[in-house]
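Here's the structure, in structure tokens; my notes come after.
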Amino acid sequence: MAHLLSTSCSIKLSSSHRPLSQPFRQCPTKCLTFFTLGTSKSPFKRFVLQGGTQQASCVVRATVAPISQETPTQSSSDSRQKSSEPSKPKRVMVIGGDGYCGWATALHLSNKGYEVAIVDSLIRRLFDQQLGLDSLTPIASIHNRLRCWRSVTGKTIELYIGDICDFEFLSETFKSFEPDAVVHFGEQRSAPYSMIDRNRAVFTQHNNVIGTLNVLFAIKEFRDQCHLVKLGTMGEYGTPNIDIEEGYITITHNGRTDTLPFPKQASSFYHLSKVHDSNNIAFTCKAWGIRATDLNQGVVYGVRTDETEMHEELCNRLDYDGVFGTALNRFCVQAAVGHPLTVYGKGGQTRGYLDIRDTVQCVELAIANPAQPGEFRVFNQFTEQFSVNELASLVTKAGEKLGLDVKTISVPNPRVEAEEHYYNAKHTKLIELGLEPHLLSDSLLDSLLNFAIKFKDRVDTKQIMPSVSWKKIGVKPKTLAA
Ligand SMILES: NC(=O)c1ccc[n+]([C@@H]2O[C@H](COP(=O)([O-])OP(=O)(O)OC[C@H]3O[C@@H](n4cnc5c(N)ncnc54)[C@H](O)[C@@H]3O)[C@@H](O)[C@H]2O)c1
């Protein structure tokens with residue numbers, strides 16, 4: 001069934017804010033306003049615009065592209081799930097599909113023949129504006145990205161722009177798209193962002209915990225057989241002095257044995273929000289029979305996937321700044337612009353890492369092999385572990401081969417974390433499902449470095465040093481803008 005929802009409407013901005021939009025109201029340089037479209041049937045309930053005034057007028061065009069492609073073997077209505085007899089998942093809602101992992105995943109799933117809808121509030125783009133940051137790579141608007149995808153491949157991805165903390169909006173997207181699987185990337189995902197000030201800490205926990213809770217309620221209410229694939233993080237476990245298991249550990253205590261959730265020791269308000277999510281999901285699997293997979297993902301590196309390579313307008317974002325940039329991506333950009341590699345403290349901090357090409361593969365495997373009703377399945381989603389010092393040394397060697405003079409400095413650690421510790425995390429379950437890892441190789445480092453060199457003129461070196469301290473967080477709203 002092809003359908004086209006294209007809305008063009010004049011709207012009035014009102015001052016009806018939600019109380020937890022604090023970080024946006026208090027941003028000193030740019031004020032932001034949430035507003036609701038006046039069309040009752042529109043799924044596009046909430047948008048975010050800039051503007052400091054209480055009342056303003058503007059025109060918004062929101063487009064849901066038509067589903068023009070139907071699978072040859074299954075009609076669209078057949079592919080819709082019946083709650084007693086779940087069919088092979090075909091319709092996948094990617095929440096957070098405009099972000100780094102979500103964009104690559106949405107394209108990958110679409111390319112593999114899934115019918116895909118992206119749900120995104122576009123708030124990640126707004127964080128950049130608020131903090132004066134930008135992706136290393138120029139990224140097209142979500143509308144141009146999707147138009148380009150359709151013109152390159154003939155495949156359509158539906159788009160719902162809105163905030164999943166708004167349950168009315170989320171309900172409409174569920175009723176309209178009827179997903180068989182929901183991949184939930186749609187969270188505030190930076191630990192430093194959550195440690196800027198009280199407003200950002202509260203925003204992060206509200207956005208992430210309530211958003212996920214809404215997804216759970218939407219599944220229960222509208223699609224009770226829908227499989228939730230939720231992105232968690234390896235950071236939920238912290239760095240215990242024992243091996244990290246995949247989600248559960250069997251313990252014998254005072255002569256009795258049980259298999260229990262592996263202990264969580266999160267180290268930022270962001271990581272804590274993921275722990276709260278995991279607890280809520282585990283509870284609803286037990287209480288309501290939700291089927292869920294928690295993907296405790298390691299740190300993602302790289303930028304290219306088969307699909308984002310197809311056209312420059314499909315290019316993914318690559319963050320290198322001290323708030324959103326992650327270790328290896330940051331080091332490659334630092335090496336490209338001649339900035340010393342910024343090792344925090346002693347550099348013995350060890351974590352699991354994976355190539356973004358493996359992120360999309362893991363999510364596809366999780367969808368194709370769904371959890372059972374009532375099952376809360378946990379996979380550790382990474383392929384190799386490295387210390388920060390090991391990464392710095394790999395980037396130094398790869399940089400030297402390209403003629404770069406790469407130096408490393410130790411900077412005072414802005415985080416509160418062990419800088420030398422035991423770390424050994426299991427990660428076999430996705431391999432058992434068929435994951436074929438892209439391990440970190442010289443050629444990948446070369447390619448990432450060359451990519452960074454290509455865009456080095458876009459680098460704002462002022463954004464490289466860490467600017468958020470775990471110990472100095474306070475209640476006073478902070479701006480990090482230059
Ligand atoms: N990038 C990594 O290295 C990494 C590592 C481990 C786990 N993860 C997890 O993977 C997920 C995706 O990470 P990413 O790097 O792609 O992040 P990202 O910030 O690039 O993307 C997140 C997307 O979600 C959207 N979003 C946020 N809150 C929303 C809301 N309330 N409603 C609708 N959309 C919302 C944002 O606009 C953004 O497009 C996150 O949950 C993150 O915790 C990422």
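Going by UniProt numbering, the sequence shown opens with residue 1, and the numbers climb by one from there. A virtual CB, placed ideally from N, CA and C, is assigned to each residue, including glycine.
Q. Does at least one heavy atom of ligand 3 sit under 7 Å from the Cβ of residue 447?
A. This structure lacks ligand 3; its bound ligands are ligand 1.
Q. Pick from 89, 107, 93: whose alpha carbon is nearest that of residue 313?
A. Position 313 of the sequence shown, counting from 1, holds the residue named residue 313. The option with the nearest alpha carbon to residue 313 is 107.
Q. For residue 98, which three-state DSSP category applies?
A. Within the sequence shown, the letter at position 98 stands for residue 98. Three-state result, residue 98: coil.
Q) Are there 16 or more other CB atoms within 10 angstroms of the CB of residue 412, so buried, or fewer, so exposed? A) Numbered from 1 along the sequence shown, position 412 holds the residue referred to as residue 412. Exposed.
Q | Length-filtered (3 minimum) beta strand (DSSP E) runs lying within the segment 270-337 | A | Listed in chain order, they are 291-297, 299-301.
Q: Verify whether the separation of the beta carbon atoms of residue 104 and residue 359 is less than 8 Å.
A: Reading the sequence shown from its first residue, position 104 is the one you call residue 104. Reading the sequence shown from its first residue, position 359 is the one you call residue 359. Yes.
Q. Relative to the C-alpha of residue 479, which residue among 259, 279, 132, 350 is closest?
A. Numbered from its first residue, the sequence shown carries residue 479 at position 479. The candidate whose alpha carbon is nearest that of residue 479 is 132.
Q. Going by alpha carbons, who is nearest to residue 456 out of 233, 335, 274?
A. In the sequence shown, counting from the first residue as 1, residue 456 sits at position 456. When only C-alpha atoms are compared, the closest one is 335.
Q: Alpha carbon to alpha carbon, how far is residue 209 from residue 274? Give it in angstroms, no decimals.
A: Taking the sequence shown and counting its residues from 1, the one referred to as residue 274 is at position 274. Taking the sequence shown and counting its residues from 1, the one referred to as residue 209 is at position 209. In a straight line, the C-alpha of residue 274 is about 8 Å away from that of residue 209.
Q: Given a cut-off of 8 Å, decide if residue 237 and residue 265 are closer than it, judged by their beta-carbon atoms.
A: Along the sequence shown, read from residue 1 onward, the residue named residue 265 stands at position 265. Along the sequence shown, read from residue 1 onward, the residue named residue 237 stands at position 237. Taking 8 Å as the Cβ cut-off, residue 265 and residue 237 qualify as a contacting pair.
Q) Can we say the segment 186-194 touches the segment 147-161, given the rule of at least three CB pairs closer than 8 Å? A) no
Q: Check each candidate in 327, 160, 200, 136 and name the one with the smallest Cα separation from residue 122.
A: To locate residue 122, count along the sequence shown from 1; it is residue 122. Residue 122 has its Cα closest to that of 160, out of 327, 160, 200, 136.
Q. With 16 other CB atoms within 10 Å as the buried threshold, where does residue 262 fall?
A. Within the sequence shown, numbered from 1, the residue matching residue 262 stands at position 262. Per the 10 Å Cβ criterion, buried.
Q. Pairing CB atoms from the segment 414-430 with CB atoms from the segment 393-402, are three or more of them under 8 Å?
A. Contact check between the segment 414-430 and the segment 393-402: fewer than three CB pairs, one atom from each, fall below 8 Å, which does not count as touching.
Q: Return the residue from the list 454, 268, 386 that minimises the CA-CA distance to residue 439.
A: Counting from 1 along the sequence shown, the entry for residue 439 is found at position 439. Cα-wise, what sits closest to residue 439 is 386.
Q. Based on the DSSP secondary-structure assignment, which residues constitute the bridge partners of residue 248?
A. Sequence index remark: in the sequence shown, residue 248 carries index 248 (1-based). Per DSSP, 261.
**Q.** Spatial neighbours of residue 260 in its chain, beta-carbon cut-off 7 Å, leaving aside the 5 residues before and after
**A.** Sequence index remark: in the sequence shown, residue 260 carries index 260 (1-based). 248, 249, 251.
Q: Helix, strand or coil for residue 69, going by three-state DSSP, please let me know.
A: By one-based count along the sequence shown, residue 69 stands at place 69. Bear in mind that a pLDDT of 35 at residue 69, under 50, signals an unreliable position, so the number given afterwards is only what the model happens to contain. It is coil, neither helix nor strand.
Q: Look at residue 231 and residue 297 and say whether their C-beta atoms are less than 8 Å apart.
A: Position 231 of the sequence shown, counting from 1, holds the residue named residue 231. Position 297 of the sequence shown, counting from 1, holds the residue named residue 297. In contact: residue 231 and residue 297 (Cβ atoms closer than 8 Å).
**Q.** Supposed close pair residue 291, residue 375 - CB separation, criterion 8 Å
**A.** Within the sequence shown, numbered from 1, the residue matching residue 291 stands at position 291. Within the sequence shown, numbered from 1, the residue matching residue 375 stands at position 375. At roughly 6 Å, the Cβ-Cβ gap stays under 8 Å, so residue 291 and residue 375 are in contact.
Q: Give me the Cα-Cα distance between residue 153 and residue 311, rounded to the nearest whole angstrom.
A: Within the sequence shown, numbered from 1, the residue matching residue 153 stands at position 153. Within the sequence shown, numbered from 1, the residue matching residue 311 stands at position 311. The alpha-carbon separation between residue 153 and residue 311 amounts to approximately 10 Å.
Q: May I have the straight-line CA-CA distance separating residue 171 from residue 204, to the nearest angstrom?
A: Your numbering for residue 171 matches position 171 in the sequence shown. Your numbering for residue 204 matches position 204 in the sequence shown. If I take the Cα positions, the gap works out to 22 Å.
Q) For the beta strand (DSSP E) that contains residue 118, what are its first and last residues? A) Position 118 of the sequence shown, counting from 1, holds the residue named residue 118. Looking at the DSSP string, the run of the beta strand (DSSP E) that includes residue 118 is 115-120.
Q.
Helix, strand or coil for residue 211? Go by DSSP, reduced to three states.
A. To locate residue 211, count along the sequence shown from 1; it is residue 211. Reduced to three states, the DSSP call for residue 211 is helix.
Q.
Classify residue 177: buried if its beta carbon has 16 or more other beta carbons within 10 angstroms, exposed otherwise.
A. Taking the sequence shown and counting its residues from 1, one reaches residue 177 at position 177. The residue in question, residue 177, is buried, as its Cβ has 16 or more Cβ neighbours within 10 Å.
Q. Taking 7 Å as the line, does the beta carbon of residue 216 fall inside it for any heavy atom of ligand 1?
A. Position 216 of the sequence shown, counting from 1, holds the residue named residue 216. Not so, every heavy atom of ligand 1 lies at least 7 Å from the Cβ.
Q) Where DSSP assigns a beta bridge to residue 386, which residues make up the other side? A) The residue you call residue 386 lines up with position 386 of the sequence shown. DSSP, once it has assigned bridges, lists 351 as partnering residue 386.
**Q.** Supposed contact pair residue 348 and residue 380 - C-beta distance, whole angstroms, cut 8 Å
**A.** For the purposes of this step, residue 380 is taken as the residue at position 380 of the sequence shown. For the purposes of this step, residue 348 is taken as the residue at position 348 of the sequence shown. Beta-carbon to beta-carbon, residue 380 and residue 348 are separated by about 21 Å, too far to satisfy the 8 Å threshold.
Q. For residue 421, which three-state DSSP category applies?
A. Mapped onto the sequence shown, residue 421 falls at position 421. Coil.
**Q.** Cα-Cα separation, residue 279 to residue 212
**A.** As a working note, residue 279 is residue 279 in the sequence shown. As a working note, residue 212 is residue 212 in the sequence shown. The straight-line gap from Cα to Cα measures roughly 11 Å.
Q) To which residues of the same chain is residue 453 closer than 7 Å at the C-beta, ignoring the five residues directly before and after it? A) Numbered from its first residue, the sequence shown carries residue 453 at position 453. Counting only Cβ-Cβ distances below 7 Å, and skipping sequence neighbours, we find 336.
**Q.** residue 287 classed as buried or exposed, judged by whether at least 16 other C-beta atoms fall within 10 angstroms
**A.** As a working mapping, residue 287 is identified with position 287 in the sequence shown. Under this definition residue 287 is an exposed residue.
Q: Give the single residue among 227, 254, 140 whose Cα lies nearest to the Cα of residue 372.
A: Within the sequence shown, residue 372 is the residue found at index 372, counting from 1. With distances taken between Cα atoms, residue 372 lies closest to 227.
**Q.** Separation of residue 93 from residue 472, as counted between CA atoms
**A.** Here residue 472 is taken as the residue at index 472 of the sequence shown, counted from 1. Here residue 93 is taken as the residue at index 93 of the sequence shown, counted from 1. About 39 Å.
Q) ligand 1 heavy atoms versus the CB of residue 231: any closer than 7 Å? A) Start at 1 with the first residue of the sequence shown, and residue 231 comes out as number 231. Between ligand 1 and residue 231, a heavy atom-to-CB distance of less than 7 Å is present.
Q. In three-state DSSP terms, what is residue 147?
A. Along the sequence shown, one-based indexing puts residue 147 at 147. Helix at residue 147.
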